[in-house]
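First comes the structure, then the notes that go with it.
Numbering (the UniProt record's numbering), first residue to last: 1 to 531.
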């Protein structure tokens, strides 16, 4: 150094400051985008939730004995109910921009109802379909009471009060990452469609905004609409050009754009109504098994709600609001049971990821998408056109959305002390077991055709096998247990867990922003105060 002056003090690198609300979101919960943009964004949410809505009935209805016509009706009903429940949830439930749609969690239990011996004596397939449907409805109606009671009585509030940023990380990140089997394996079912969609959606949403600097958020915000349309047209050209003629049946189902048989089977106009398949039938064992599935869905949805609140740039959810959301989700399962959708309801993980991709967490957008769901479920033929998008296209989108939700879970690490060995143990052990235990259960089931717990009582098998096959459930419960039992009284450890960041959100009144984001509409807070 020349001049012999005092040596310049080296600038210490500063850590990134933790943020209670996610920055860089274009529109948060309470700020709606302009109407034309909001309608397009709402349509995008509708497109994304269609995946699960079509895949679940398409795999279950044929096993029940239903044909294309029944399948189309079930998809319409599921769409209608999803629209209804999304509106209820965003108005009176958690008030978050969360889409309430079908859930894979209920599928194993539903399949074991389908395989129950008492339906095998019915020779007419459509009659058999209706009998199984009524049994599923009965067990869903009973199972919905679990979430309704836990949510509205405030019991779930008392459970979630003990969540800390540390125990939330494994739960939320595996709500996203745990769905890995629906990502690339789905894309690979038809690589020539799935892979271009995956590459395009990443390119358009991540690279294009930097290449074309228009100042308007066109590419990142509407990447889904752009890319799906392009790849859908390309897939249609392949279909029409005869690329799949004479190929295996499996390839035809995954790749063709005209394979679903939905457009011909769907009625022009049909309004789904409760008990459309007849009066529900009840079976105690199946109801208990469905209750367990409902509890697993409840834990997964808790994680999904937390991810949604993060990507909507809201403050952390007060436990009472989470509990209220769960109560309304119980109502959603009840509605699913009354209408007969073959499936329970839970928070749609892919739509939570879409919030992150578009950076629009507006409540109005999701309410508009609920409008689209109801509209297209009544106008059957139009809805069926969108429902015939090939599954690999949707799976490619999942690769992005589930990843975003998983990363949303990891982002809570900013509140924890990562240099503490207690943190490392809880984090590592719960995530590892959350991946490892379900891997064993799923692999065992795939090889043997039944789960590791295999007794004469089908319902008992489900009660054990279903929760242990869910990544988010295993990791979330383990992290919650360890975090609340490993010497947590110490004040230094309280800081390591990040608990002090959430102190002011333990009650509804603790932070003034909770009122802005989560208070009920129409002055209902006067009659239903949150605590």
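Quick reminder that beta carbons are idealized off the backbone N, C-alpha and C, glycines included.
Residues near residue i in its chain [Cβ-Cβ closer than 6 Å; skip 5 each side]
i: residue 113; result: 135, 136, 286
i: residue 88; result: 328
i: residue 341; result: 77, 78, 81
i: residue 525; result: 519
i: residue 241; result: none
i: residue 219; result: 204, 208, 209
i: residue 65; result: 125, 128, 129
i: residue 70; result: 61, 129
i: residue 200; result: 227
i: residue 352; result: 304, 307, 308, 405
i: residue 502; result: 316
i: residue 458; result: 112
Cut-off 8 Å between Cβ atoms - residues of its own chain near residue i, not counting five sequence neighbours on either side
i: residue 293; result: 105, 106, 108, 109, 143, 344, 462, 466
i: residue 506; result: 161, 318, 319
i: residue 376; result: 46, 79, 382, 383, 386
Distance CB(residue i)-CB(residue j) smaller than 9 Å
i: residue 224; j: residue 44; result: yes
i: residue 469; j: residue 432; result: no
i: residue 402; j: residue 183; result: yes
i: residue 445; j: residue 319; result: no
i: residue 197; j: residue 227; result: yes
i: residue 471; j: residue 397; result: no
i: residue 78; j: residue 62; result: no
i: residue 363; j: residue 29; result: yes
i: residue 270; j: residue 378; result: yes
i: residue 308; j: residue 22; result: no
i: residue 384; j: residue 262; result: yes
i: residue 416; j: residue 169; result: yes
i: residue 139; j: residue 304; result: no
i: residue 536; j: residue 480; result: Given a span of 1 to 531 for the chain in the structure shown, any question on residue 536 remains unanswerable.
i: residue 536; j: residue 55; result: Residue 536 is absent from the model: the chain starts at 1 and stops at 531.
i: residue 315; j: residue 513; result: yes
i: residue 235; j: residue 447; result: no
i: residue 517; j: residue 482; result: no
i: residue 413; j: residue 435; result: no
i: residue 361; j: residue 46; result: no
i: residue 338; j: residue 275; result: yes
i: residue 154; j: residue 336; result: no
i: residue 356; j: residue 407; result: yes
i: residue 371; j: residue 147; result: no
i: residue 277; j: residue 133; result: yes
Per DSSP, the bridge partner or partners of residue i
i: residue 379; result: 269
i: residue 27; result: 360
i: residue 347; result: 100
Same chain only: Cβ atoms within 7 Å of residue i, ignoring 5 sequence neighbours per side
i: residue 368; result: 38, 39, 42
i: residue 451; result: 441, 444, 445, 461, 465
i: residue 91; result: 521
i: residue 300; result: 105, 175, 346, 470, 472, 473
i: residue 122; result: 128, 131
i: residue 103; result: 297, 343, 344, 345, 346
i: residue 438; result: 468, 469, 470, 471, 474
i: residue 493; result: 422, 487
i: residue 191; result: none
i: residue 498; result: 164, 165, 166, 415, 416
i: residue 495; result: 417
Beta-carbon separation (whole angstroms), residue i vs residue j, contact threshold 8 Å
i: residue 409; j: residue 164; result: That pair is no contact at about 13 Å.
i: residue 321; j: residue 528; result: Going by Cβ atoms, the distance from residue 321 to residue 528 rounds to 12 Å, so no, they are not a contact pair.
i: residue 310; j: residue 411; result: 7 Å
i: residue 48; j: residue 354; result: 5 Å
i: residue 272; j: residue 80; result: 5 Å
i: residue 326; j: residue 150; result: 6 Å
i: residue 332; j: residue 85; result: 4 Å
i: residue 348; j: residue 99; result: 4 Å
i: residue 229; j: residue 193; result: In fact, because the Cβ distance is near 13 Å, the residues do not count as touching under 8 Å.
i: residue 510; j: residue 72; result: Not confirmed; about 49 Å, so no contact.
(message) Which runs of the alpha helix (DSSP H) at least 4 residues long sit entirely within the stretch 81 to 153? Give them in chain order.
(response) 107 to 114, 125 to 152
(request) Tell me the start and end of each unbroken alpha helix (DSSP H) in the stretch 188 to 268 that is at least 4 residues and wholly inside, in chain order. (result) 191 to 202, 208 to 211, 223 to 240, 249 to 255, 262 to 265
(request) Could you pull out every unbroken alpha helix (DSSP H) segment of at least 4 residues lying fully inside the stretch 263 to 333, listed in chain order? (result) 284 to 311
(message) Quick check on the DSSP output: what are the complete alpha helix (DSSP H) runs of length 4 or more inside the stretch 448 to 489, in order along the chain?
(response) 458 to 468, 471 to 485
(message) Which complete alpha helix (DSSP H) runs does the stretch 362 to 435 hold, if anything under 4 residues is left out?
(response) 363 to 378, 380 to 387, 391 to 410
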